[in-house]
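Residues in the sequence shown are numbered from 2 upward in steps of one, following the numbering used here. Yeah, the Cβ is synthetic: ideal placement off N, Cα and C, and Gly gets one too. Working notes, structure below.
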Amino acid sequence: MYNLNTPKMKNILIILSTILIAFAIFFYASPKELYAGSAIQLTPTSLEFELESGGTFMSQDFNLFNPSKEETQEVTVKVSDFFVDDETGSYRILKELHPRYSLSEWVSVEPKKVTLEPLEVQNLTVTFTSPQSAEPGGHYAMLIIDSRESDSEQEVEGVLVQPVGGVAAPLFATVPGDISWEGRLLEFLPVSFKNTGPVEFKLRFQNQGTVHYRPSGKVEVFDFLNNKVGEAKIRPTRVFPQSIRRLETTWDRYLLIGKYRAKATLTYGEPGSEETETAKITFWAFPYKPAAVILITIIIVILVTKLKKQTEEEASS
């Protein structure tokens with residue numbers, strides 16, 4: 002029998018273990034060609050366009066792709082109205098047509114049923130035809146690719162719930178004319194007392210107009226001496242008409258001490274004729290947790306020093 006405790010055998014075992022680990026890392030970390038098992042891919046993921054009253058806009062840019070190497074997939078193409086009525090910007094699919102912002106009745110798609118072989122790409126022709134009576138402003142619909150085997154639908158409070166297995170692309174149409182671009186910065190939400198950064202700023206903005214647009218801006222931060230110490234950008238965020246959207250940004254600074262003033266500046270409305278609103282808040286910050294650790298450390302050092310000194314004096318007496 003071999004003696005595994007000899008230096009020579011230990012070296013051999015170390016070399017073999019190293020080779021096996023290196024092989025395992027190479028095997029599992031080597032790049033592989035990955036394909037989704039069954040998820041249909043739709044491009045583009047959204048479409049935003051202008052549509053004249055009584056006009057026609059045709060798009061042949063939508064493509065379906067079956068990424069599976071083995072499975073053939075059959076899908077149905079549907080169009081439903083959608084809207085946003087919460088502050089997070091979540092899309093709400095509507096079963097009943099929206100009386101003011103509907104778009105689905107203006108949309109036709111060919112083909113409506115598609116069979117995709119493995120790795121096959123299929124083009125969808127989407128045609129938008131608006132009536133002469135189309136109201137100026139925003140109109141919204143969702144192009145839904147449904148891969149369910151059955152046609153059953155589940156309705157909850159007027160919301161069409163799509164089971165897992167489909168993909169969708171929002172459609173944003175603007176009918177030119179007498180459009181309102183009004184809006185209002187409702188609130189610059191207070192920041193609670195901070196121990197350390199970063200600092201998250203939140204604003205509530207209401208689109209009071211008849212078309213979607215993207216307000217953007219910045220938050221400037223000043224210290225108690227009114228010196229500007231930082232700035233955070235508010236990225237352009239789509240807000241739908243007659244809805245409120247919560248806008249967020251973050252100031253990436255970690256060491257905070259004292260009183261701060263934050264000024265939010267928001268620009269919104271019609272491109273070229275934007276409106277600007279501002280709002281201010283104050284907040285306090287102090288790194289009490291690190292300060293407590295430092296204080297406790299100092300107290301311990303002082304006590305240990307005194308104890309050591311007292312022990313030395315007792316030993317010498």
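So residue i packs on residue j, CB below 8 angstroms; how close in whole Å?
i, j, result
"Leu65", "Leu125", "6 angstroms"
"Thr130", "Ile180", "With a Cβ gap of about 20 angstroms, Thr130 and Ile180 do not count as contacting."
"Phe206", "Leu187", "7 angstroms"
"Arg343", "Gly231", "Only positions 2 to 318 of the chain appear in this structure, which leaves residue 343 out of reach."
Please report how far the alpha carbon of residue i lies from the alpha carbon of residue j, in whole angstroms.
i, j, result
"Pro272", "Ser109", "30 angstroms"
"Lys203", "Arg247", "7 angstroms"
"Ser105", "Leu172", "9 angstroms"
"Gly198", "Gln42", "40 angstroms"
"Ser91", "Ala293", "43 angstroms"
"Lys334", "Arg236", "The chain is shown from 2 up to 318; residue 334 falls before or after that span and cannot be answered."
"Lys309", "Ile297", "18 angstroms"
"Lys1", "Lys264", "No answer is possible for residue 1: it lies beyond the span of the chain, which begins at 2 and ends at 318."
"Thr89", "Gln61", "31 angstroms"
"Glu313", "Val305", "12 angstroms"
"Thr251", "Glu201", "4 angstroms"
"Val302", "Ile295", "11 angstroms"
"Asp86", "Glu121", "37 angstroms"
"Val80", "Arg101", "17 angstroms"
"Gly38", "Lys96", "Confidence in Gly38 is poor, its pLDDT being 44 and thus under 50, which makes the residue's placement too unreliable to answer from."
"Gly184", "Ile300", "56 angstroms"
"Ala142", "Glu49", "11 angstroms"
"His99", "Ser274", "29 angstroms"
"Val222", "Thr238", "21 angstroms"
"Gln209", "Phe241", "9 angstroms"
"Leu161", "Pro291", "Residue confidence for Leu161 is low, a pLDDT of 42 falling below 50, so the modelled location carries little weight; the figure read from the coordinates is stated next. So the alpha carbons of these two residues sit roughly 51 angstroms apart."
"Thr266", "Ala174", "28 angstroms"
"Ser54", "Gly138", "11 angstroms"
"Phe1", "Trp182", "The structure shown does not extend to residue 1, since the chain spans only 2 to 318, so no value can be given for it."
"Leu52", "Phe58", "7 angstroms"
"Asn227", "Gly56", "55 angstroms"
"Phe225", "Ile245", "32 angstroms"
"Ile258", "Val220", "19 angstroms"
"Lys260", "Thr279", "20 angstroms"
"Thr128", "Glu276", "35 angstroms"
"Trp107", "Pro216", "28 angstroms"
"Gln311", "Ser317", "10 angstroms"
"Glu111", "Arg262", "56 angstroms"
"Pro132", "Ser103", "12 angstroms"
Hey, is residue i's beta-carbon within less than 7 angstroms of any beta-carbon in chain B?
i, result
"Lys310", "Absent here is chain B; the protein component of the structure consists of one chain."
As a quick exercise: from the options, pick the residue whose alpha carbon is nearest that of residue i.
i, options, result
"Asn67", "Phe84, Asp82, Met59 and Thr44", "Thr44"
"Lys70", "Glu278, Met59 and Glu118", "Glu118"
"Gln77", "Gly167, Thr57, Gly139 and Ser47", "Residue 77 is actually Thr in this sequence, not Gln. For Thr77, the nearest C-alpha among the options comes from Gly167."
"Glu72", "Ala40, Gly55 and Ala142", "Ala40"
"Phe83", "Arg93, Gln74 and Glu75", "Arg93"
"Pro177", "Ser148, Ala170, Ile146 and Ser134", "Ser134"
"Gln74", "Asn227, Gln123 and Gln243", "Gln123"
"Tyr214", "Arg262, Tyr269 and Ala170", "Tyr269"
"Ala170", "Ser317, Pro137 and Thr46", "Thr46"
"Leu256", "Tyr289, Thr128 and Thr116", "Tyr289"
"Ala233", "Glu249, Asp147, Glu111 and Lys260", "Glu249"
"Ser148", "Trp107, Thr116 and Lys229", "Thr116"
"Gln359", "His140, Val220, Glu111 and Ala316", "The requested residue 359 is not part of the displayed model; the chain covers only 2 to 318."
"Lys113", "Pro132, Trp107 and Ile146", "Ile146"
For residue i, which of helix, strand or coil comes out of DSSP?
i, result
"Trp252", "strand"
"Ala293", "helix"
"Gly38", "At Gly38 the pLDDT is 44, less than 50, meaning the model places this residue with poor confidence; the figure from the coordinates comes in the next sentence. Residue state, collapsed to three classes: coil."
"Ala316", "helix"
"Val115", "strand"
"Trp285", "strand"
"Gln74", "strand"
"Val302", "helix"
"Ser244", "strand"
"Glu106", "helix"
"Lys96", "coil"
"Leu204", "strand"
"Leu43", "strand"
"Leu209", "Before going on, a small fix: residue 209 reads as Gln here, not Leu. It is coil, neither helix nor strand."
"Gln311", "helix"
"Ser60", "strand"
"Pro220", "For the record, residue 220 in the displayed sequence is Val; it is not Pro. Of the three classes helix, strand and coil, the one that applies to Val220 here is strand, per DSSP."
"Arg239", "coil"
"Gln133", "coil"
"Asn1", "This structure cannot speak to residue 1, because the chain is shown only from 2 to 318."
"Val85", "coil"
Between residue i and the ligand GTP, is there a pair consisting of the residue's CB and a ligand heavy atom that are separated by less than 6 angstroms?
i, result
"Met59", "Summarising the ligand content, the structure contains no ligands, and the ligand GTP is consequently not present."
Whether or not the segment 274 to 290 and the segment 193 to 204 are in contact is what I'm after, with contact meaning three or more pairs of Cβ atoms, one per stretch, closer than 8 angstroms; do they touch? Yes, they touch.
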